[in-house]
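Asker: Here the sequence shown is numbered in this note's numbering, starting from 37 and rising by one per residue.
Every residue, glycine too, gets a C-beta built ideally from N, C-alpha and C.
It should be emphasised that the depicted structure is a prediction, and the values quoted were computed from it without experimental measurement.
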Amino acid sequence: MATTSTPARAATVRRGSPTVATAAARPRKPAAVAGASPRPRLSTGTLFELLSDGTRRRLLTLLLDEREVCVCRLVDALQQPQPKISRHLAALREAGVLVSRRQRTWIMYRLDPELPGWAVRVLAMLSEGARQEPDYADDCKRLAHAKRCGEVGFT
37 MATTSTPARA ATVRRGSPTV ATAAARPRKP AAVAGASPRP RLSTGTLFEL LSDGTRRRLL
97 TLLLDEREVC VCRLVDALQQ PQPKISRHLA ALREAGVLVS RRQRTWIMYR LDPELPGWAV
157 RVLAMLSEGA RQEPDYADDC KRLAHAKRCG EVGFT
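1) Output yes or no for whether 8 Å exceeds the beta carbon distance between V133 and L114.
2) Rounded to whole angstroms, what's the CA-CA distance from S163 to A182? Just pull it up for me.
3) Within the continuous beta strand (DSSP E) that includes R146, where are the two ends?
4) I need the straight-line Cα distance from T82 to D89, nearest angstrom please.
5) If you run the structure through DSSP and keep just helix, strand and coil, what is R94?
6) Using the three-state DSSP reduction, which class does Q139 fall into: helix, strand or coil?
7) Please confirm if the region 93-111 is in contact with the region 131-145, defined as three or more CB-CB distances below 8 Å between the two stretches.
8) Quick one: Cα of P172 to Cα of V111, how far?
9) Just curious, the alpha helix (DSSP H) that G165 is in, first and last residue?
10) Which of the three DSSP states is assigned to L134 in this structure?
11) Leaving aside the five residues before and after D101 along the sequence, list all residues of the same chain whose C-beta is less than 8 Å from its C-beta, in chain order.
12) I'd like to confirm the pairing. Which residues does DSSP put opposite V105 in its beta bridges?
13) Please determine, among P149, L86, R93 and R77, the residue with the shortest C-alpha to C-alpha distance to R103.
14) Between the alpha carbons of R140 and P117, how many angstroms are there, rounded?
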């Protein structure tokens, strides 16, 4: 068994013919840097796939009316379990529809300011239609009465 050193890997162990890297020798993923990852390019198919879910439509409608909202307020407004709301928000964020930030213990969401114009128009039409739904009025009332978690806006 021979140990070798290379700049990329600290140690490798040869067992027979294949080279096996030890846990200490595995390269680490670079730490995430804010703004370092490219934003996903939103396609019409992706947006309409996201809009096929009622919970995501309700979330987007509320977020269109608010500057930014904490997850806990959205949970109160939609009266759904927090993991479900967080899962839907994550899908919207990963697709490039929403952006998030951490403020102490809270995660704040808002529409991505770099959302393409066509997507903003689609969401505006969605919001216009949603205002006719009875659920929208109830969601808005609950959101207005939900406790604010120190929402002060994006910096």
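Answerer: Well, looking at it:
1) no
2) 21 Å
3) W142 to L147
4) 12 Å
5) helix
6) strand
7) yes
8) Here residue 172 is Tyr; the residue named in the question, Pro, does not match the sequence. Computed Cα separation, rounded: 14 Å.
9) G153 to A166
10) strand
11) S163 and C176
12) Y145
13) P149
14) 21 Å
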